[in-house]
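Peer 1:
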């Protein structure tokens with residue numbers, strides 16, 4: 002009965018339309034073309050240099066975190082698609098294969114049931130999963146996203162996954178052969194900074210750093226622990242550095258810059274470090290602030306997100322300027338005022354790089370990284386909580 | 597698990613009665629590496645300020661009714677929240693010291709020391725997380741005084757401390773008084 006009535010209504014509507022507008026008066030004599038179904042878009046295997054991977058941490062639904070593929074040069078439609086990065090997950094973007102990897106955690110009944118930790122392999126073009134590697138033990142570290150809790154080593158053939166139970170360890174994963182190689186126990190040490198050809202460095206609670214070399218089977222071959230180099234009380238370093246070549250530049254809560262050469266098997270500090278300096282307008286003083294607070298350009302300049310209300314406890318509050326520093330000259334070369342309070346920054350690897358700023362209100366703004374000029378905004382249409390930004394190399 | 601719960605509670609209350617915050621942290625750092633006493637879900641204040649469920653959202657106040665425990669427990673500036681990081685359980689069906697129905701309280705917590713503005717005592721506050729139900733999404737609050745990088749877990753609020761629970765899925769955070777720091781009374 003209902004369908005008969007619907008047909009009558011549709012027929013009546015069609016008839017009245019025809020009467021009201023005879024074909025001879027139709028300004029568009031050709032109807033719109035029929036469109037194919039199904040129709041699913043595909044991305045290029047190599048992402049353009051203006052694209053970034055934005056990790057949407059999605060605080061309000063942590064089980065539904067996402068790795069969003071974003072064209073920072075397309076303000077009308079920046080969101081290209083996303084892959085799942087579930088439950089305090091991490092995402093890696095490969096430069097040697099058309100793949101993305103997410104380290105994530107699932108429960109069989111969404112928030113309860115059997116736990117599964119997994120590295121999921123995603124096809125960069127289709128954004129569909131093409132494989133997975135199960136992580137044993139239900140111990141994958143769950144924290145607000147630090148890129149350095151999930152990193153490549155061995156020429157992107159392996160990945161390293163941080164664990165926290167709160168006992169600390171790292172799981173070595175063979176991405177090519179899709180299997181777990183084993184665990185490296187790291188009591189008292191956190192985060193992963195790839196070092197040498199096949200190994201990593203980690204910072205430890207006693208202020209030291211340890212560099213580890215892995216053998217061909219992913220087992221620990223050797224390790225070297227430094228003297229204490231990290232004043233965690235007074236000059237704690239933000240966990241995510243900016244890379245200039247294989248030198249990792251860290252910034253401290255109070256604005257010191259320190260470089261560590263990670264090209265050899267053992268991390269070595271570059272020079273003696275230096276301070277970002279001060280500026281007018283600080284109340285009480287300018288300090289780095291935000292989440293991903295330091296970025297680098299291909300030219301080797303460092304960009305640091307700065308908060309004028311710097312004090313103890315302000316280090317995650319975000320910043321209103323980006324200061325540009327030339328580490329070779331140990332000098333600040335520019336200050337870039339922002340459109341809003343930024344929380345994470347990254348530079349594209351375009352010939353003329355753009356500075357991308359994820360703001361505390363989830364808006365993402367784009368600037369010319371050389372001149373500091375504001376170019377355009379992507380609005381808040383990309384991610385609910387854009388936590389980290391990763392440039393496409 | 598119940599035994600672990602009881603052990604943790606006894607430990608926390610014992611520590612609270614017998615030590616200052618500084619010595620507590622030193623003790624934790626020195627003896628409990630890899631064990632179990634620490635913080636809550638991490639969230640940047642920046643995000644807290646911008647999120648729809650941020651602690652600044654319009655809602656009627658919820659107070660203790662006791663002049664000795666002043667303040668609105670739905671707001672991030674309530675005195676017990678000096679080192680909290682996450683959704684306030686008071687806004688999530690629970691209370692300042694109880695988890696919402698359906699969740700499981702984490703036995704593993706970050707313990708902060710917060711000064712009561714009325715009686716001027718420094719209280720040991722245990723920020724037990726409530727786990728096993730998806731993110732509450734209301735009253736997000738993050739304060740980072742004393743927060744240090746993940747290399748020092750006992751001083752870092754970026755970790756999810758839904759550990760030792762059946763599910764590691766985070767819902768909200770409580771702020772339970774477990775004692776008074778003797779040297780700061």
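Protein chains in written order, with this note's numbering: chain A, 2 to 394; chain B, 597 to 781.
Ideal placement from N, C-alpha and C gives every residue a C-beta, glycine not left out.
1) Could you tell me which chain C residues have their CB closer than 8 Å to the CB of residue 64(A), listed as they occur along the chain?
2) Determine the burial state of residue 235(A): buried for a count of at least 16 other Cβ atoms within 10 Å of its Cβ, exposed for fewer.
3) DSSP three-state label for residue 50(A), please.
4) Taking the alpha-carbon positions, what's the residue 361(A) to residue 256(A) distance?
5) Any chance the CB of residue 349(A) is under 7 Å from a heavy atom of the ligand NAD?
6) Do you know offhand how far residue 320(A)'s Cα is from residue 667(B)'s?
7) Exposed or buried, what is residue 654(B) when buried is set at 16 or more other beta-carbons lying within 10 Å of its beta-carbon?
8) In chain B, what lies closer than 7 Å to residue 340(A) by C-beta?
9) Pick helix, strand or coil for residue 308(A), following the three-state DSSP scheme.
10) With a threshold of 8 Å between beta carbons, is residue 166(A) in contact with chain B?
11) Just to confirm before moving on: does the CB-CB distance between residue 767(B) and residue 753(B) stay below 8 Å?
12) Report the option in 704(B), 734(B), 723(B) and 743(B) whose CA atom is closest to the CA atom of residue 671(B).
13) Is residue 195(A) close to chain B, meaning its C-beta is less than 8 Å from at least one C-beta of that chain?
14) Kindly indicate which residue of 364(A), 373(A), 341(A) and 342(A) has the alpha-carbon position closest to the one of residue 356(A).
15) Please state if the CB of residue 229(A) and the CB of residue 262(A) are separated by a distance shorter than 8 Å.
16) Rounded to whole angstroms, what is the Cα-Cα separation between residue 75(A) and residue 125(A)?
17) If you measure from the beta carbon of residue 307(A) to each beta carbon in chain B, is any gap under 8 Å?
18) Thinking C-alpha only, which one of 245(A), 171(A), 97(A) and 341(A) is nearest residue 215(A)?
19) Measure from the C-beta of residue 171(A) to each C-beta in chain B and report whether the shortest distance is under 8 Å.
20) Got a sec, what are the start and stop residues for the beta strand (DSSP E) residue 241(A) sits in?
21) Please name the residues in the region 669-689 of chain B whose beta-carbon is closer than 7 Å to at least one beta-carbon of chain A, in chain order.
22) Helix, strand or coil: how does DSSP classify residue 252(A) here?
23) If you follow the beta strand (DSSP E) that residue 159(A) is part of, which residue opens it and which one closes it?
24) If you follow the beta strand (DSSP E) that residue 108(A) is in, where does it begin and where does it stop?
25) At least one CB of chain B closer than 8 Å to the CB of residue 304(A): is that the case?
26) Is residue 64(A) near residue 101(A), with beta carbons less than 8 Å apart?
27) With DSSP run on the structure shown, which of helix, strand or coil describes residue 665(B)?
28) What do you get for residue 223(A), buried or exposed, if any count of 16 or more other CB atoms within 10 angstroms of its CB means buried?
29) For the 8 Å Cβ check, are there 3 or more pairs between the region 676-687 of chain B and the region 715-735 of chain B?
30) CA-CA distance, residue 390(A) and residue 232(A)?
31) Check the Cβ of residue 144(A) against every Cβ in chain B and list those closer than 7 Å, keeping chain order.
32) With a threshold of 16 other CB atoms inside 10 Å of the CB of residue 715(B), please say whether the residue is buried or exposed.
33) Against chain A, with Cβ distances strictly below 8 Å, would residue 657(B) count as a contact?
34) Need the endpoints of the beta strand (DSSP E) that residue 269(A) sits in, please.
35) Just by C-beta distance, which residues in the region 236-257 of chain A are closer than 9 Å to chain B?
36) Between which two residues does the beta strand (DSSP E) containing residue 140(A) stretch?
Peer 2: Checking against the coordinates, here is how it stands:
1) No chain C is part of this structure, whose protein chains are labelled A and B.
2) The count along the first chain starts at 1 and reaches residue 235(A) at position 234. Residue 235(A) is exposed by the Cβ-count criterion.
3) As a first step, residue 50(A) is located in the first chain; it is residue number 49 there, counting from the start. Coil.
4) Here residue 361(A) refers to the residue found at position 360 of the first chain. Here residue 256(A) refers to the residue found at position 255 of the first chain. Using only the alpha carbons, I get a separation of about 21 Å.
5) With respect to the ligand NAD, the structure shown offers nothing to examine, as it has no ligands at all.
6) Your numbering for residue 320(A) matches position 319 in the first chain. Your numbering for residue 667(B) matches position 71 in the second chain. Residue 320(A) and residue 667(B) have their C-alpha atoms spaced approximately 29 Å apart.
7) As a first step, residue 654(B) must be located in the second chain, where it is residue number 58. With fewer than 16 Cβ atoms within 10 Å of its Cβ, residue 654(B) is classed as exposed.
8) Reading the first chain from its first residue, position 339 is the one you call residue 340(A). Neighbours of residue 340(A) on chain B: none; closest Cβ ~14 Å, over 7 Å.
9) Within the first chain, residue 308(A) is the residue found at index 307, counting from 1. Three-state result, residue 308(A): strand.
10) Here residue 166(A) refers to the residue found at position 165 when the first chain is read from its first residue. Yes, contact with chain B.
11) The residue you call residue 767(B) lines up with position 171 of the second chain. The residue you call residue 753(B) lines up with position 157 of the second chain. In this structure, residue 753(B) does not lie closer than 8 Å to residue 767(B) by Cβ.
12) The residue labelled residue 671(B) in the question sits at position 75 within the second chain. Looking at the Cα atoms, 734(B) is the closest of the given residues.
13) Here residue 195(A) is taken as the residue at index 194 of the first chain, counted from 1. For residue 195(A), the answer is no, since every Cβ of chain B falls outside 8 Å of its Cβ.
14) Here residue 356(A) refers to the residue found at position 355 when the first chain is read from its first residue. Comparing Cα positions, the closest option is 373(A).
15) Locating residue 262(A) in the first chain gives position 261, where the first residue counts as 1. Locating residue 229(A) in the first chain gives position 228, where the first residue counts as 1. Against a cut-off of 8 Å, the Cβ pair of residue 229(A) and residue 262(A) comes out as no contact.
16) Mapped onto the first chain, residue 75(A) falls at position 74. Mapped onto the first chain, residue 125(A) falls at position 124. In a straight line, the C-alpha of residue 75(A) is about 19 Å away from that of residue 125(A).
17) In the first chain, residue 307(A) corresponds to position 306, counting from 1. No, residue 307(A) lies away from the interface with chain B (no Cβ there is under 8 Å from its Cβ).
18) In the first chain, counting from the first residue as 1, residue 215(A) sits at position 214. The residue with the shortest Cα to Cα distance from residue 215(A) is 171(A).
19) Here residue 171(A) refers to the residue found at position 170 when the first chain is read from its first residue. Using a CB distance cut-off of 8 Å, residue 171(A) does not count as an interface residue toward chain B.
20) Counting from 1 along the first chain, the entry for residue 241(A) is found at position 240. Note, residue 241(A): premise wrong, no beta strand (DSSP E); not H, not E.
21) Cβ contacts with chain A: none found.
22) Stepping through the first chain from its first residue, residue 252(A) is reached at position 251. Strand.
23) Position 158 of the first chain holds residue 159(A). 159-165 is the span of the beta strand (DSSP E), which, as asked, contains residue 159(A).
24) The count along the first chain starts at 1 and reaches residue 108(A) at position 107. Counted as a single uninterrupted DSSP element, the beta strand (DSSP E) harbouring residue 108(A) occupies residues 100-108.
25) Start at 1 with the first residue of the first chain, and residue 304(A) comes out as number 303. For residue 304(A), the answer is no, since every Cβ of chain B falls outside 8 Å of its Cβ.
26) Counting from 1 along the first chain, the entry for residue 64(A) is found at position 63. Counting from 1 along the first chain, the entry for residue 101(A) is found at position 100. Cβ atoms of residue 64(A) and residue 101(A): not closer than 8 Å.
27) Locating residue 665(B) in the second chain gives position 69, where the first residue counts as 1. In the structure shown, residue 665(B) sits in coil (DSSP, three-state: anything other than H, G, I, E or B).
28) Here residue 223(A) refers to the residue found at position 222 of the first chain. By the 10 Å Cβ count, residue 223(A) comes out exposed.
29) yes
30) Counting from 1 along the first chain, the entry for residue 390(A) is found at position 389. Counting from 1 along the first chain, the entry for residue 232(A) is found at position 231. So the alpha carbons of these two residues sit roughly 27 Å apart.
31) Working through the first chain from its first residue, we reach residue 144(A) at position 143. Those within 7 Å of residue 144(A) in chain B are 638, 746, 754, 755 and 756.
32) The residue labelled residue 715(B) in the question sits at position 119 within the second chain. Residue 715(B) is exposed by the Cβ-count criterion.
33) Sequence index remark: in the second chain, residue 657(B) carries index 61 (1-based). Not closer than 8 Å to any Cβ of chain A, the Cβ of residue 657(B) fails to qualify, so no.
34) Looking up residue 269(A) in the first chain gives position 268. Per DSSP, residue 269(A) belongs to the beta strand (DSSP E) from 269-276.
35) Against chain B - using a Cβ distance shorter than 9 Å - the residues of the region 236-257 of chain A are 237, 238, 239, 240 and 254.
36) Sequence index remark: in the first chain, residue 140(A) carries index 139 (1-based). Note, residue 140(A): premise wrong, no beta strand (DSSP E); not H, not E.
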